[in-house]
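J.: Attaching a single structure in structure tokens format; questions to follow.
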Amino acid sequence: MTTYSTRLTNAGAIALNEAITGDTAIALDVLAVGDANGADYVPDGSEAALINEQYRLPLASIIPHPVNADWLVLEAILPPDVGGWWIREVGIYDDNGDLFAIANFPPTYKAVAVDGATSSLTIQIVLQVSDSNALTLSVDAQEGYATQSFVEAGLSGKADNDHTHDDRYYTETEIDTKLIAKAPASHSHDNLYYTEAEIDAKLAGKAATSHTHDGRYYTETEMDSKLAGKAAASHTHPVGQISGINGNFDLANGLFGGKSPSELTGIFAWVSFNGASGAVLGSSGVSSVTKNGTGDFTVNFSAAAASTGYAVVALAGRTGTDGNINAALWPGSSKSMWGVRLSIQVSSNAVRENTAIVDVLIIGG
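Here you go:
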């Protein structure tokens, strides 16, 4: 335990608690010194006054301790012309005149001129509180001194008279130089830009962003309605719908020459396919060709024919040999409303075989 210390009095502790809970402040304004009648003692907090007060003076400063945030350093300066007694006790009073804190002090003699030497004496005590924001310093501007520590704390972080700003600001000369090439507040642009009046004149009679065309154009809705049901630019037609053709009709590179419109009218479907695999080379109205076996194929229509009374024109050919081969209807039931079955065979002996190409034309379906 330290020999010398400062503590709140009972009254001071109550006042501090009320200040903290009530969000108010206590103003401390007076420091008093006494000689305790020549005997050292340890205060217990019950004191309401010093044992033997010798002198009181205004507090010069209350500043936070540089190390411990819960400590406050309180200071006052005894002037040179007072003294002639010992200091063993120190008290701090609030602006209501109540003893707020008390300290026992190392015995110190305050000399005066008659003692042969005199000087001012700084009295400093350290007080521990739970909330330093509840305490303020009440200073009488007509009395007292500012202690060195108080002045140093106040000057901390302040700039010297002769200081610079580390290039964070332009000097007057630098600013003047930068402004030389800048335009004055009142200036014109030498016909580089239109004036407001000129722009307004040019805009007169122009259409607003939101405007109509007085029935001169179809709206999007009207145009979409008119186009509904119309054919796309790229589209196809079944062969049966084609008329008005003069010249050659290309059937997957097998040409049927010189047909007139009347001769082409009534074509139901056509197909050109590989006579070995059944692969379709070109077609219209035909969904597929089924290979049933060697020289045995069924041409399947995309849509059902009205009857089985349609006509079938079929040609077959092979490469590198004579043309002794033909395409015929399959013996027996060969035609249906959904397709026709064909037999590809040698003309001389009726033996079925695969061929290079088979062309089929269905008329009147």
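Going by our numbering, the sequence shown opens with residue 1, and the numbers climb by one from there.
Just so it is clear, CB atoms sit at the ideal spot from N, CA and C, and this is done for glycine as well.
1) Would you tell me roughly how many angstroms separate the C-alpha atoms of Phe297 and Phe268, rounded to the nearest one?
2) Please go through the same chain and pick out, in chain order, the residues whose beta-carbon is closer than 6 Å to the beta-carbon of Val360, but skip the five residues on each side of it.
3) Do Val30 and Ile92 have their CB atoms nearer than 9 Å?
4) Any idea if Ser61 is buried or exposed, counting beta-carbon neighbours within 10 angstroms, 16 or more meaning buried?
5) May I ask which residues mark the beginning and end of the beta strand (DSSP E) holding Leu179?
6) Are Ala327 and Leu342 close, meaning C-beta to C-beta below 9 Å?
7) CB Glu18 to CB Ile102, shorter than 9 Å?
8) With distances taken from CA atoms, which of Asn104, Asp224, Gly275 and Leu16 is nearest Ala32?
9) Got a sec, what are the start and stop residues for the alpha helix (DSSP H) Asn17 sits in?
10) Mapping the DSSP letters down to three states, classify Gly339 as helix, strand or coil.
11) Are Ile87 and Thr108 close, meaning C-beta to C-beta below 9 Å?
12) On a CA-only basis, which of Thr9, Ala25 and Leu127 is nearest His65? Give me that one, please.
13) Let me check understanding here. Comparing Cα to Cα, which of Tyr170, Asp176, Thr308 and Leu57 lies closest to Ile123?
14) Rounded to the nearest angstrom, what separates Tyr55 and Asp44 at their Cα positions?
15) Excluding five sequence neighbours on each side, which residues of the same chain lie with their C-beta closer than 7 Å to the C-beta of Trp330?
16) Work out the CA separation of Ala311 and Ser336 for me, nearest whole Å.
17) Excluding sequence positions up to five away, which residues of its chain have a Cβ less than 8 Å from the Cβ of Tyr218?
18) Give every residue of the same chain whose Cβ lies closer than 7 Å to the Cβ of Ala419, excluding the five residues on either side of it in the sequence, and list them in chain order.
19) With a threshold of 6 Å on Cβ separation, who are the neighbours of Glu198 within its own chain once the five nearest residues in sequence on each side are excluded?
20) Can you find the residues in the same chain that come closer than 7 Å, C-beta to C-beta, to Leu192, ignoring five residues on each side of it along the sequence?
21) May I ask which residues mark the beginning and end of the alpha helix (DSSP H) holding Ser225?
22) Note down, in chain order, each residue of its chain lying with its Cβ closer than 7 Å to the Cβ of Val351, except the 5 sequence neighbours on either side.
23) Suppose you measure from the CA of Asn68 to the CA of Val129; what does that come to, to the nearest Å?
24) So, are the CB atoms of Phe273 and Ser287 less than 9 Å apart?
25) Please report the straight-line C-alpha distance between Leu155 and Ala185, rounded to a whole angstrom.
26) Tell me, which residues are paired with Asn274 by DSSP?
27) The alpha helix (DSSP H) spanning Glu410 covers which residue range?
28) Do you know how far the Cα of Arg168 is from the Cα of Glu89?
29) Please report how far the alpha carbon of Ile362 lies from the alpha carbon of Thr308, in whole angstroms.
30) For the beta strand (DSSP E) holding Tyr109, just list the boundary residues, first then last.
31) Can you tell which of Gly364, Ser348, Asp94 and Gly278 has its C-alpha closest to the C-alpha of Leu28?
32) Does DSSP put Gly84 in a helix, in a strand, or in coil?
33) Does Asn354 pass the burial test, meaning 16 or more other C-beta atoms within 10 Å, or should it be called exposed?
34) Per DSSP, which one or two residues make a beta bridge with Gln54?
35) Which class does Asp359 belong to by DSSP, given the choice of helix, strand or coil?
T.: Put simply:
1) Within the sequence shown, numbered from 1, the residue matching residue 297 stands at position 297. Within the sequence shown, numbered from 1, the residue matching residue 268 stands at position 268. Rounded to whole angstroms, Phe297 to Phe268 spans 19 Å at the Cα level.
2) Here residue 360 refers to the residue found at position 360 when the sequence shown is read from its first residue. Take Val360, set aside five residues on each side of it, and the residues of its chain with a beta-carbon closer than 6 Å to its own are Val271, Val299 and Ala314, in chain order.
3) Position 30 of the sequence shown, counted from the start, is the residue given in the question as residue 30. Position 92 of the sequence shown, counted from the start, is the residue given in the question as residue 92. Val30 is a Cβ neighbour of Ile92, given a cutoff of 9 Å.
4) Sequence index remark: in the sequence shown, residue 61 carries index 61 (1-based). So Ser61 counts as buried.
5) What you label residue 179 is simply residue 179 of the sequence shown in a count that begins at 1. Per DSSP, Leu179 belongs to no beta strand (DSSP E); it is in the alpha helix (DSSP H), Glu172 to Leu179.
6) Locating residue 327 in the sequence shown gives position 327, counting from the first residue. Locating residue 342 in the sequence shown gives position 342, counting from the first residue. Cβ distance < 9 Å, so Ala327 and Leu342 count as in contact.
7) The residue labelled residue 18 in the question sits at position 18 within the sequence shown. The residue labelled residue 102 in the question sits at position 102 within the sequence shown. Not a contact, by the Cβ cut-off of 9 Å.
8) Residue mapping note: residue 32 aligns to position 32 of the sequence shown, counting from 1. Of the listed residues, the one whose Cα sits closest to Ala32 is Asn104.
9) In the sequence shown, counting from the first residue as 1, residue 17 sits at position 17. Segment Asn10 to Thr21, the alpha helix (DSSP H) holding Asn17.
10) Along the sequence shown, one-based indexing puts residue 339 at 339. If DSSP states are grouped into helix, strand and coil, Gly339 belongs with the strands.
11) For the purposes of this step, residue 87 is identified with residue 87 of the sequence shown, where counting begins at 1. For the purposes of this step, residue 108 is identified with residue 108 of the sequence shown, where counting begins at 1. Cβ distance < 9 Å, so Ile87 and Thr108 count as in contact.
12) Translated into the one-based positions of the sequence shown, residue 65 becomes position 65. Ranking Thr9, Ala25 and Leu127 by Cα distance to His65 puts Leu127 first.
13) Start at 1 with the first residue of the sequence shown, and residue 123 comes out as number 123. Ranked by Cα distance from Ile123, the first of Tyr170, Asp176, Thr308 and Leu57 is Leu57.
14) In the sequence shown, counting from the first residue as 1, residue 55 sits at position 55. In the sequence shown, counting from the first residue as 1, residue 44 sits at position 44. Approximately 22 Å, taken between the alpha carbons.
15) Here residue 330 is taken as the residue at index 330 of the sequence shown, counted from 1. Excluding positions up to five away in sequence, the list reads Arg341, Leu342 and Ser343.
16) Position 336 of the sequence shown, counted from the first residue, corresponds to residue 336. Position 311 of the sequence shown, counted from the first residue, corresponds to residue 311. If I take the Cα positions, the gap works out to 12 Å.
17) By one-based count along the sequence shown, residue 218 stands at place 218. Cβ within range, chain order: Lys226.
18) The chain is shown from 1 up to 365; residue 419 falls before or after that span and cannot be answered.
19) Position 198 of the sequence shown, counting from 1, holds the residue named residue 198. Within its own chain, no residue has a Cβ closer than 6 Å to the Cβ of Glu198 once the five positions on either side in sequence are excluded.
20) Within the sequence shown, residue 192 is the residue found at index 192, counting from 1. Same-chain partners within the cutoff: there are none.
21) Looking up residue 225 in the sequence shown gives position 225. Judged by DSSP secondary structure, Ser225 falls within the alpha helix (DSSP H) whose first and last residues are Glu220 to Leu227.
22) Here residue 351 corresponds to residue number 351 of the sequence shown, with the count starting at 1. Contacts found: Gln345.
23) Against the sequence shown, residue 68 aligns to sequence position 68. Against the sequence shown, residue 129 aligns to sequence position 129. Rounded to whole angstroms, the gap between the alpha carbons of Asn68 and Val129 is 11 Å.
24) Against the sequence shown, residue 273 aligns to sequence position 273. Against the sequence shown, residue 287 aligns to sequence position 287. Cβ atoms of Phe273 and Ser287: not closer than 9 Å.
25) In the sequence shown, residue 155 corresponds to position 155, counting from 1. In the sequence shown, residue 185 corresponds to position 185, counting from 1. Confidence at Leu155 is low in this model, with a pLDDT of 41, below 50, so the placement of that residue is unreliable and no value is reported for it.
26) The residue given as residue 274 occupies position 274 in the sequence shown. Partner(s): none; Asn274 has no beta bridge.
27) No statement about residue 410 is possible, as the shown extent of the chain runs from 1 to 365 and does not include it.
28) Taking the first residue of the sequence shown as position 1, residue 89 is located at position 89. Taking the first residue of the sequence shown as position 1, residue 168 is located at position 168. Computed Cα separation, rounded: 53 Å.
29) Locating residue 362 in the sequence shown gives position 362, counting from the first residue. Locating residue 308 in the sequence shown gives position 308, counting from the first residue. Distance between the alpha carbons of Ile362 and Thr308: 11 Å.
30) For this step, residue 109 is matched to residue 109 along the sequence shown. Where Tyr109 is concerned, the enclosing beta strand (DSSP E) stretches over Leu99 to Lys110.
31) On the sequence shown, position 28 is the one that residue 28 refers to. Between Leu28 and the set Gly364, Ser348, Asp94 and Gly278, the nearest pair of CA atoms involves Asp94.
32) Position 84 of the sequence shown, counting from 1, holds the residue named residue 84. Reduced to three states, the DSSP call for Gly84 is coil.
33) The count along the sequence shown starts at 1 and reaches residue 354 at position 354. Answer is buried; the Cβ neighbour count reaches 16.
34) On the sequence shown, residue 54 is found 54 positions in, with the first residue counted as 1. Checking the DSSP bridge columns, you'll see Gln54 has no partner listed.
35) If you number the sequence shown from 1, residue 359 lands on position 359. It is a strand residue.
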